[in-house]
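In what follows, a structure is listed as structure tokens, so that the remarks can point back to it.
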Amino acid sequence: MSDLDRQIEQLRDCNIVSEHEVRELCHKAREILIEESNVQFVDSPVTICGDIHGQFHDLMELFKVGGLCPDTNYLFLGDFVDRGFYSVETFLLLLAYKVRYPDRITLIRGNHESRQITQVYGFYDECVRKYGSANVWRYCCEIFDYFSLGALVDGKVFCVHGGLSPSITDLDQIRMIYRKQEVPHEGAMCDLLWSDPDDIDGWGLSPRGAGFLFGSDVVSSFNHHNDITLIARAHQLVMEGYKEMFNGAIVTVWSAPNYCYRYTNCHFPSSDCSCGNVAAILELDGNLNENFKIFDAAPQDSRGMPAKKPAAEYFLVKRIN
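Just so we're aligned, residue 2 is where the sequence shown starts under the numbering used here, counting upward by one.
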């Protein structure tokens, strides 16, 4: 068994690998990711997954439903970390799969793949708690900068974490973005990771403090101009696991079941502080036919003891000069 296969086996058991192994894994991943496009081409059939947010045991449920890598070709839409209690194990396992099977798993960037956001919503603290320093967090943040900003399945299905941008009408404009940087507070790169579809006309201000709201007319124009049949995105909790909008022109896929997205008076996940939502993955066959698979959270007895640190409320803090 190779060192990488051993690390994958170890991570699948929800056990962290050493700091040295994380550094080497990130180095190998960077060599692969640097060759990928801002809009990475992906062949069908493929299974598209939404936010995971450190819910490692639910990621294992996802693999039970969707199949293991490399048997299944996977595309993850970002937000691998924060919120959940096992962001380290979740992210490193997906990264190890990327290194081991680079053509069978595609990882694109979410708004939580950010230095600023991970210092607020859990990943930074988890790295320090599990490794005794911030080194692993730094290695992972460097990798965040290399993730693609989107993907294109068979030239027809555009996949992105958040949504569209008023600065972008053509996919070639995304390909021109310099992505190897921290997520900016505004501009096209920010919008792709932060924006949301809404029942409005045109563009609107986002209550998130970053990105925009965009309506069906924006989606119709973008899809027509780029000869796209579907936009697949994540970024928003959907109680039913997925939500189609604008006559099927855009779909939100959410892959974190029973999402515990904030804490009030409770410090452990329970029915009192979790959403109770189901999760979904989207399977596209060789003809781009859509099949949604719904799954529930992993059984409670399969989970370890979580950390007690409560999470912060969710918004983007903008600097005021």
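For each residue, glycine too, the CB sits at the ideal point set by N, CA and C. This one's a predicted model, so the numbers in the text were calculated from it and none came from an experiment.
- For Leu153, the closest C-alpha among the options Ile35, Pro258 and Ile49 is that of Ile49.
- Within the same chain, Leu78, Gly79, Gly111, Leu194, Ala235 and His236 come within 6 Å of His162 by CB-CB distance, once the 5 residues on both sides are set aside.
- Asp83 is the residue among Asp83, Gln8 and Phe159 whose C-alpha sits nearest the C-alpha of Gly55.
- The beta carbons of Leu93 and Phe148 sit no closer together than 8 Å.
- Annotation: the continuous beta strand (DSSP E) that includes Cys160 extends over Val158 to Cys160.
- Phe223 places its beta carbon 8 Å or farther from that of Leu289.
- Note that the C-beta distance between Ile201 and Ala189 is not below 8 Å.
- Ranked by how close their Cα comes to the Cα of Ser256, the residues Val66, Leu12 and Arg13 have Val66 in first place.
- In the displayed model, Ile9 falls within a helix according to three-state DSSP.
- Contact check for Val252 against Tyr260 fails: the beta carbons are separated by 8 Å or more.
- In the DSSP assignment, Leu231 falls outside any alpha helix (DSSP H) and within the unbroken beta strand (DSSP E) covering Leu231 to Arg234.
- Take Tyr75, set aside five residues on each side of it, and the residues of its chain with a beta-carbon closer than 6 Å to its own are Thr48 and Ile106, in chain order.
- In the assembly as shown, Leu206 is an exposed residue. Its beta-carbon has fewer than 16 other beta-carbons within 10 Å.
- Taking the C-beta atoms as reference points, Thr91 is found no nearer than 8 Å to Phe64.
- If you ignore the 5 residues before and after Tyr98, its C-beta comes within less than 6 Å of the C-beta of Cys70 and Ile106, all in its own chain and listed in chain order.
- Under the three-state reduction of DSSP output, Glu32 falls in the helix class.
- When DSSP states are grouped into helix, strand and coil, Phe148 belongs to the coil group.
- For Gly205, the enclosing beta strand (DSSP E) begins and ends at Trp204 to Leu206.
- A Cβ-Cβ contact shorter than 8 Å links Val137 with Val23.
- In chain order, Cys70 and Pro71 place their CB closer than 7 Å to the CB of Tyr102, counting only its own chain and leaving out the 5 sequence neighbours on each side.
- In the DSSP annotation of this structure, Val47 is not part of any alpha helix (DSSP H); the continuous beta strand (DSSP E) holding it starts and ends at Val47 to Cys50.
- Assigned with DSSP and collapsed to three states, Thr107 falls in strand.
- In the displayed model, Lys181 falls within coil according to three-state DSSP, outside both helix and strand.
- By the 16-neighbour rule on beta-carbons within 10 angstroms, Glu114 is buried.
- Met190 sits in a helix when the DSSP states are folded into three classes.
- Listed in chain order, the non-local C-beta contacts of Asp146 below 8 Å within the same chain comprise Arg180, Lys181, Gln182 and Glu183, local neighbours out to five positions each way being set aside.
- In the DSSP assignment, Gln41 falls outside any alpha helix (DSSP H) and within the unbroken beta strand (DSSP E) covering Val40 to Val43.
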